[in-house]
Every structure is written in C-alpha cells, then in structure tokens.
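I have placed the structure first, in the form of structure tokens, so that the comments after it can refer back to it.
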Amino acid sequence: MAQTQDHQEGLAFHADVMEQAAHWILVLGDDYTQEEYEQFQVWLKKNPQHACCFNQLKSTVDQFSQLRQSHRRPIPHQLIENSIKKADENKLFKKTRLYSIAITFFLVSLLWWVVPTDAWLADQKNAYNVWSEKELSDHSDIKVSGKTLFNIDYDQNQRSIHLITGNILVDVAKDSKRPFFVKTDQVSIKALGTRFIVHYFNGLTILTMLHSTTQVEFNLHGGEKQKVYAHAGQQLIIDESGAYSVQNLSINLAEESWKKQRLAVDLMPLDQVLNILQTYEKNTLKYDPTELHHINVSAILPLNGSGVELLQDTLPISVSSNILDQKVISIKKE
C-alpha cells in the first residue's frame, strides 16, 4: 500500500514538473524578457529533474520544428494550455496525469508543426546547407540555395513559380505565349526576358536584377496596388507592410557572390541581412528587427553558417546562444 502511494506521489511530482517544463518551453519560444529568463534559471536549479524533463520535452519539439522548415507560426500557447487543462480534468486520465500531459503536448505540437501543408507538399525542397539546380519543362533554369521551398505551376496561359521561402536564381526561357512569374505571399514578379535572384523569408522579398527588366506588383500598406519596374543592376526590397526601397548594385559582384556561395550587401539594414542569413543557418536566429534596423552593413559574407559570427567582429553587436540553441543577436552593451 505504501509503495502504491509512493508511486502515485511520484507520478504527481513528475506530472507537475512536465507541466512546468511545457510552460517554460512556451515562454522561451517567444520574445521573453530578461526577468523571465532569470526565473527560468531559478526553476532549473531547484531540482536536477527540472533540466532533464525540460531537455527531453524540448528535444521532442525540436524534431518537429525541423519538419516545419521556415514557417513562422509558433506553437499556440492557449491551445496547448487548454488541452493540458482538459486532459487534467478528465476522470479517465486522472490516475495517469503524467502520460496524458505528455501525450497531449506531443500530439498538439505534432499537429501544429505539421499543419502547414505547403511545406510538406512543395514541389521542390532544399536544405539550409545545399546549393542545387533544376531545369524546368520549358528549359528555364532555377538555381537554388539555402533553406528553400517552392511550387511550380505551369499551364497553357502562364508559367508561375510560388516561392514559399528561400533563395532562387532564375534564367527564364523565352515563350511569347506564356509569361513567367515568380510570386511570394506579397509580391508578383513578371519576367520580361530576364535573369534575376529572389530571396523571400519572414515576409521580406528581395529582388536582385542581373539582366533585363521585371514588372513587380505588390500591395501598399493602405491596400492599394503598386506597380514598379526593376532593371538590371538594381535591387528592390519589399517588406510585408508594402514599404519598399530600390538601390543600385554591381551585377558582376552579385553573380560572383552567388557562384562562390557568398552574400554581397551594400548598406543593407542588419535585420534584413540576418533575414537572408537565416535561410542558410541550421539554428534559429533570435533578434529584435527594430533594434538592429539602423545598423547598415556593407560586406561579403560566407553562406556556410559563419556569417553571423563574422558580423560580430565589425559591428556593435554580440552573438550568444540560449538554452533553446538559438543564436541571439543584440546590441553590444558598453
């Protein structure tokens, strides 16, 4: 009888720890404060099992985050918390509360990471450390680098590439009957017999023109449509709010940088540089875009995962790792 009571008490203790660990994973998955991080450290030190349970639960979530690719949707806090609460109140699970919480968190996490079907069903997928090339049915050529997903939609009227996320260099084959488009969630790029690079991640579209001209359509902040033309030697940057900028660049430098797997930028805001680098990183980059936007970067950076650390050598920023294995970039404190 005493052993049964001890066993039940042990289950209850482990259940409480798992519930606390789930809470901290949720808190640290968003923009947590320094105070919250310090509270988390205090919780870790209270009992050796806290760290063990946290790491086990985090490992499970991380496995599904890899499937998630670069989709931006976080684990829904309220959904998980409500699920845990309902499982806890269910009489069927009261005696095995530990397992109900573990299974609930596991299934909800799995569902949420897997729901973005465009990642699963994308026609083409490319890993963060891979450079590849594909010839399309019309003999257009697409070079792909970094973490990239895109769909190919060809019919009798048009040729369209939907860039879900990542980086592509397009050489468009001539077809007088079917125009060629590259589309992101916010932007439609119509090629006018051309060669260009498109980067898209986290709502930011960057078009780098290497040859000829493209017609670019997107919505401004107020909702009205904007149409602009980008020409060879120009770079057009459009964020998810519709704000955009155009600057000149060296075509030869852009071409050579792609060939040598490097990123060449000239006076580009640091947050936009990190946006591009993220698609070549295994680890998540964590930073406040508004804090870093005023820092302009002119550099040629390797796209092998070391670019962020190199920026630290020349810019007033610090790079560290947190408990979630993220690279944290912030303004260097004096």
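Numbering-wise, the working numbering puts 264 at position 137 of the sequence shown, and it's gapless, one number per residue. Quick reminder that beta carbons are idealized off the backbone N, C-alpha and C, glycines included. All values derive from a computational prediction rather than experimental measurement.
Each of Lys270, Asp312, Tyr281, Leu171 was checked against the Cα of isoleucine 324, and the nearest Cα belongs to Lys270.
Here DSSP, grouped into helix, strand and coil, assigns proline 443 to coil. With contacts defined by Cβ atoms closer than 7 Å, lysine 252 and leucine 276 form a contacting pair.
The stretch 383-403 makes contact with the stretch 413-427: 3 or more CB pairs, one atom from each, lie closer than 8 Å. Short of 7 Å from the beta carbon of alanine 359, and not among the five residues preceding or following it, lie these beta carbons of its own chain, in chain order: Met336, Leu337, His338, Ser339, Ile378.
Between leucine 397 and isoleucine 364, the C-beta spacing is not below 7 Å.
Here threonine 341 is not near threonine 311, since their CB atoms are 7 Å or more apart.
Taking C-beta separations shorter than 8 Å and ignoring five residues to either side along the sequence, the partners of histidine 348 in its chain run Ser368, Gly369, Ala370, following chain order. In this structure threonine 321 is buried. Its beta-carbon is surrounded by 16 or more other beta-carbon atoms within 10 angstroms.
Assignment of histidine 289 by DSSP, reduced to helix, strand and coil, places it in the strand class. Bounds of the alpha helix (DSSP H) holding alanine 381 are 378-386. In this structure leucine 451 does not touch valine 435 by the C-beta definition: roughly 16 Å separates them, more than the 8 Å allowed. Under the three-state reduction of DSSP, asparagine 431 is assigned to coil, being neither helix nor strand.
Counted as a single uninterrupted DSSP element, the alpha helix (DSSP H) harbouring valine 400 occupies residues 397-405.
The beta carbon of methionine 395 is closer than 6 Å to those of Val424 in its chain, skipping five residues each way along the sequence.
By the 16-neighbour rule on beta-carbons within 10 angstroms, histidine 266 is exposed. Just measuring C-alpha positions, the residue of Leu290, Ser457, Tyr281 sitting nearest lysine 304 is Tyr281. Taking a 10 Å sphere around the C-beta of histidine 420, we find fewer than 16 other C-beta atoms and assign the residue as exposed. With respect to the C-alpha of leucine 290, the residue from His326, Val373, Lys261, Glu262 having the closest C-alpha is His326. Considering only Lys460, Arg389, Thr441, the residue with the shortest C-alpha distance to asparagine 431 is Arg389.
CA-to-CA, the gap between asparagine 329 and threonine 292 works out to about 8 Å. Of the candidates Thr160, Glu163, Gln176, the residue whose Cα lies closest to the Cα of methionine 145 is Gln176. Inclusion of aspartate 250 and isoleucine 279 in the CB contact set at 7 Å is warranted, their separation being smaller than that value.
Separation of the CB atoms of isoleucine 288 and valine 309 is rounded to 5 Å, and the pair is thereby assigned contact status at 8 Å.
Counted as a single uninterrupted DSSP element, the beta strand (DSSP E) harbouring lysine 274 occupies residues 268-281. Within a 10 Å sphere around the beta-carbon of threonine 441 sit fewer than 16 other beta-carbons, which makes this residue exposed.
Under the three-state reduction of DSSP output, glutamate 436 falls in the helix class. Annotation for alanine 318: Val299, Phe307, Thr341 place their beta carbon closer than 6 Å to its own, counting only its chain and skipping 5 residues before and after. According to the DSSP secondary-structure assignment, glutamine 251 is paired through a beta bridge with Phe277.
The same chain holds no residue with a CB closer than 6 Å to that of threonine 160 once the five nearest residues on each side in sequence are set aside. Residue burial is scored here from C-beta neighbours: glutamine 361 has at least 16 other C-beta atoms within 10 angstroms and is therefore classed as buried.
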